[in-house]
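S.K.: The following block contains the structure, expressed as structure tokens.
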Amino acid sequence: MRIEQYFIMTDYSLWEVILNGDSPAPIRVVEGVLQPVAPITAEQKLARKNELKAHGTLLMALPDKHQLKFNSHKGTKTQMKAIKKRFEGNTKTKKVQKTLLKQQYENFTGSSSESLDQIHDRLQKLVSQLKIHRVSLSQDDVNLKFFQSLPFKWKTHTFI
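Just so we're aligned, residue 1 is where the sequence shown starts under the UniProt record's numbering, counting upward by one.
As structure tokens, then:
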């Protein structure tokens, strides 16, 4: 699976050689008659390469345990719809996630064992998740939340 994605992403023509062999003229069966396949134009090759690159990129973005579920989709458009449907959830799920993220933001505090960078990174991750759910926060609110969430040992170094 991964080797297929590697070849598709780096050089599709190599993958075609692996699948079809290095034969000069591929042949297909149409209504019981063998016919040579017409040569492919440069635009068709580029479109196919881009389609396969998009397909491979979408698959690589997924965790390993989910890749086989979405590999069966032939077009990247249907594949993306299926991924969105699977991972976004329905409106109730989105609403619950949004509420949970808001609660986590309101209750956000830094631990005395964490560095400033770790506290900031956790807060930024939470803010990013809220933005995905279309919750708008001003930069001033985020800055104030960061300073208020600092543990006591840092309070002497800040001025709010």
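Yeah, the Cβ is synthetic: ideal placement off N, Cα and C, and Gly gets one too.
Values in this document were obtained by computation on a predicted structure and should not be read as measured data.
Assuming Leu34 contacts Ile27 under a Cβ cut-off of 8 angstroms, what Cβ separation, rounded to an integer in Å, is found between them?
M.R.: Residue 34 sits at position 34 when you count from the first residue of the sequence shown. Residue 27 sits at position 27 when you count from the first residue of the sequence shown. Going by Cβ atoms, the distance from Leu34 to Ile27 rounds to 5 angstroms, so yes, they are a contact pair.
S.K.: Which runs of the beta strand (DSSP E) at least 3 residues long sit entirely within the stretch 32-90? Give them in chain order.
M.R.: 33-36
S.K.: In the DSSP assignment, what are the bridge partners of Ile27?
M.R.: For the purposes of this step, residue 27 is taken as the residue at position 27 of the sequence shown. Answer by DSSP bridge pairing, in chain order: Pro36.
S.K.: Which residues in the same chain have their Cβ closer than 8 angstroms to the Cβ of Ser111, if we skip the five residues on either side of it in sequence?
M.R.: Counting from one through the sequence shown, the residue named residue 111 turns up at place 111. Closer than 8 angstroms at Cβ, skipping near neighbours: Ile119, Pro151.
S.K.: How many Å lie between Ile8 and Ala47 at the Cα?
M.R.: Locating residue 8 in the sequence shown gives position 8, counting from the first residue. Locating residue 47 in the sequence shown gives position 47, counting from the first residue. Rounded to the nearest angstrom, the two C-alpha atoms are 13 angstroms apart.
S.K.: Could you tell me whether the stretch 76-84 touches the stretch 47-66, where touching means 3 or more Cβ pairs closer than 8 angstroms?
M.R.: Taking 8 angstroms as the limit for Cβ pairs, the verdict is that the stretch 47-66 does touch the stretch 76-84.
S.K.: If Leu101 and Gln129 are in contact, beta carbons under 8 angstroms, what's the gap, nearest whole angstrom?
M.R.: Residue 101 sits at position 101 when you count from the first residue of the sequence shown. Residue 129 sits at position 129 when you count from the first residue of the sequence shown. So it is a contact: roughly 5 angstroms between Cβ atoms.
S.K.: Would you report the Cα separation of Glu51 and Gln44, rounded to the nearest angstrom?
M.R.: As a first step, residue 51 must be located in the sequence shown, where it is residue number 51. As a first step, residue 44 must be located in the sequence shown, where it is residue number 44. Their Cα atoms are separated by approximately 10 angstroms.
S.K.: Using only CA atoms, which one of Val135, Ser136, Lys53, Ala42 lies nearest to Tyr12?
M.R.: Along the sequence shown, one-based indexing puts residue 12 at 12. It is Lys53 whose Cα lies nearest to the Cα of Tyr12.
S.K.: Excluding sequence positions up to five away, which residues of its chain have a Cβ less than 8 angstroms from the Cβ of Lys153?
M.R.: Stepping through the sequence shown from its first residue, residue 153 is reached at position 153. Hits under 8 angstroms: Ser112.
S.K.: Exposed or buried, what is Gln5 when buried is set at 16 or more other beta-carbons lying within 10 Å of its beta-carbon?
M.R.: Within the sequence shown, the letter at position 5 stands for residue 5. Gln5 comes out buried.
S.K.: What is the DSSP secondary structure of Asn143, counted as helix, strand or coil?
M.R.: Here residue 143 corresponds to residue number 143 of the sequence shown, with the count starting at 1. Of the three classes helix, strand and coil, the one that applies to Asn143 here is helix, per DSSP.
S.K.: Quick one, which of Val30, Lys49, Thr93 has its alpha-carbon nearest Thr10's?
M.R.: Position 10 of the sequence shown holds residue 10. It is Lys49 whose Cα lies nearest to the Cα of Thr10.
S.K.: Might you give, ordered along the chain, the residues of its own chain that have their beta carbon closer than 6 angstroms to the beta carbon of Val142, omitting 5 neighbours on each side?
M.R.: Sequence index remark: in the sequence shown, residue 142 carries index 142 (1-based). So the list reads Val127, once near-sequence residues are dropped.
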